[in-house]
Amino acid sequence: MIASSPTSSAERIQPAGSSAAQSLNFRPNVDVATCDDSLVFVADIPGSSASASDVQVEDGVLSIDAAVPARSLPGTAVRREYGIGGYQRSFQIGADFDASQIAATYRNGVLTIRVPRLTAEQPHTIPVTAG
Amino acid sequence: MQLLRVGYAHPLEDLRDEMDRLWNSLTTAPPLHGWTRQTAKEAFPAVNLFETAETVVLEAELPGIEPDALEITTLGDELTLKGRRDEPDVLSQDTPTEATAAPTWHRRERGIGEFVRRLSLPTLIDPEGVEARLQDGVLTVTCPKAAACRPRKVTVTSR
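Following this line, the structure appears as structure tokens:
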């Protein structure tokens, strides 16, 4: 077995149709916001689909794993500025979020993930009376 | 006598540009392609261009761009991609908009705004036959080559 070089995942350019192109994984650009007591992730994942995108929360870590089916253009390459492969990224979000209520949508190559905050108990205000 | 070595002609200007670049990255929204994947000097969007005997096919990754926010024009052997990416919609749908507060951003790597990219194609194309398709954030533009630029078979006759 040939060990893959540590730089292989960072390689953006791969010959079309090579088997290595399938296993390539890129780091998507992500926007993160808090809105309405939810944590919202917006990730650029072009070329994937709702069924091929996988979002998981485990031990306070949210991971995005999106597969992108190989696609190749006909003919010979004149210009090749990017490679094609899946996208992976993880974020530490802590235990304050409700992993069972995650909602994720995929549209126009953008994956939007919404994780609601756990409904915490309201802090009790203890009245202080002068005695 | 050569006073300035090539490449070191304006070290202070280079330094100033570098400082501007560093400072911009702290104070402004990211460029459309983000800061992580490419340097600022590279154009957005990145394209792959392929050529067959009959067509020139261009592919570009344009996630989050609506088809009506994209304009493709051709002139001779030049193709221009022009478009705009809007602010991502992070507000939840089920709450009325008046009640929602503005989002607090923790990380902004996806750039927003307008872009223009002009590309020289390898041959002249037939502008009437150009087809563009935007699916899942991937744009594919198929341009048939102009009749004069397609290979033509010459029959050889003998007397």
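Protein chains in written order, with my numbering: chain S, 1105 to 1235; chain W, 750 to 908. Just so it is clear, CB atoms sit at the ideal spot from N, CA and C, and this is done for glycine as well. For clarity, every value in this text was computed on a predicted model and none was experimentally measured.
DSSP three-state label for residue i, please.
{"i": "P1178/S", "result": "coil"}
{"i": "D769/W", "result": "helix"}
{"i": "G862/W", "result": "strand"}
{"i": "D1148/S", "result": "strand"}
{"i": "L868/W", "result": "strand"}
{"i": "V1219/S", "result": "strand"}
{"i": "L881/W", "result": "The sequence given here has Ala at residue 881/W, not Leu. In the structure shown, A881/W sits in a strand (DSSP, three-state: E or B)."}
{"i": "S1204/S", "result": "helix"}
{"i": "E840/W", "result": "For clarity, residue 840/W is Leu in the given sequence; the question names Glu instead. Coil, per DSSP."}
{"i": "A1234/S", "result": "coil"}
{"i": "E815/W", "result": "coil"}
{"i": "L761/W", "result": "helix"}
Residue i versus chain W: which residues are under 8 Å apart at the beta carbon?
{"i": "P1150/S", "result": "E810, L811, P812, D885, G886, V887"}
{"i": "P1178/S", "result": "F799, T801, T804, V806"}
Can you give me the start and stop residues for the beta strand (DSSP E) that residue i sits inside?
{"i": "Q1193/S", "result": "Residue identity check: residue 1193/S is Arg in the sequence provided, not Gln. Element bounds for R1193/S: 1190-1196."}
{"i": "A1137/S", "result": "1134-1139"}
{"i": "T709/W", "result": "Absent from the structure is residue 709/W, since the part of chain W shown begins at 750 and ends at 908."}
{"i": "S1167/S", "result": "1165-1170"}
{"i": "T822/W", "result": "819-824"}
{"i": "D1158/S", "result": "1157-1162"}
{"i": "A809/W", "result": "804-810"}
{"i": "H855/W", "result": "853-857"}
{"i": "E1185/S", "result": "First-last for E1185/S: undefined, no H or E at that position."}
{"i": "V905/W", "result": "Looking at the DSSP string, V905/W is not in any beta strand (DSSP E), and its letter there is neither H nor E."}
{"i": "T1229/S", "result": "Unbroken run through T1229/S: none, as it is neither H nor E."}
{"i": "F793/W", "result": "It is not in any beta strand (DSSP E) - F793/W carries neither H nor E in the DSSP assignment."}
{"i": "L830/W", "result": "827-834"}
Please list the partners that residue i has in chain W, where partner means a Cβ-to-Cβ separation under 7 Å.
{"i": "Y1186/S", "result": "A795, N797, E810"}
{"i": "R1193/S", "result": "Per Cβ cutoff of 7 Å: no residues; R1193/S is ~10 Å from chain W at best."}
Residues of chain S with CB closer than 8 Å to the CB of residue i, please, in chain order.
{"i": "L840/W", "result": "C1139, D1140"}
{"i": "E820/W", "result": "Correct list: empty, because the minimum Cβ distance to chain S is about 17 Å."}
{"i": "W772/W", "result": "Neighbours of W772/W on chain S: none; closest Cβ ~21 Å, over 8 Å."}
{"i": "E827/W", "result": "Per Cβ cutoff of 8 Å: no residues; E827/W is ~14 Å from chain S at best."}
{"i": "E815/W", "result": "N1212"}
Anything in chain W within Cβ reach of residue i, meaning under 9 Å, just list it in chain order.
{"i": "A1181/S", "result": "N797, L798, F799, E800"}
In chain S, which residues lie with their C-beta within 9 Å of the C-beta of residue i?
{"i": "P760/W", "result": "Within 9 Å Cβ-Cβ: nothing; P760/W doesn't reach chain S, min ~30 Å."}
{"i": "P837/W", "result": "D1135, A1137, V1144, V1146, V1214, T1216"}
{"i": "P876/W", "result": "Under the 9 Å cutoff, chain S gives no residues; its nearest Cβ is about 19 Å from P876/W."}
Of all the residues that make up the segment 880-902 of chain W, which are near chain S by a beta-carbon distance shorter than 7 Å? D885, G886, V887
Are there three or more Cβ pairs, one per stretch, closer than 8 Å when the segment 854-868 of chain W is compared with the segment 823-833 of chain W? yes
State whether the segment 1194-1206 of chain S contacts the segment 796-812 of chain W, with contact taken as three or more CB pairs (one from each stretch) at a distance under 8 Å. no
Three-pair Cβ contact test at 8 Å for the segment 1150-1168 of chain S versus the segment 1191-1200 of chain S: yes
Counting Cβ pairs, one atom from each stretch, are 3 or more of them under 8 Å apart for the segment 1213-1230 of chain S and the segment 1131-1147 of chain S? yes
Give the residues from the segment 1197-1208 of chain S that approach chain W closer than 8 Å (Cβ to any Cβ), ordered along the chain. none
Contact list for the segment 1151-1166 of chain S against chain W, Cβ threshold 8 Å: G1151, S1152, S1153
Given 8 Å as the limit, is there contact between the segment 876-887 of chain W and the segment 1156-1167 of chain S, that is, 3 or more CB pairs closer than that? no
Of the residues that make up the segment 851-865 of chain W, which ones have a beta carbon closer than 7 Å to any beta carbon in chain S? P852, T853, W854, H855, R856, R857, E858, R859
Pairs of beta-carbons, one from the segment 850-862 of chain W and one from the segment 764-774 of chain W, closer than 8 Å: are there three or more? no
Assess contact between the segment 811-822 of chain W and the segment 886-898 of chain W, defined as three or more Cβ pairs (one per stretch) separated by less than 8 Å. Is contact present? yes
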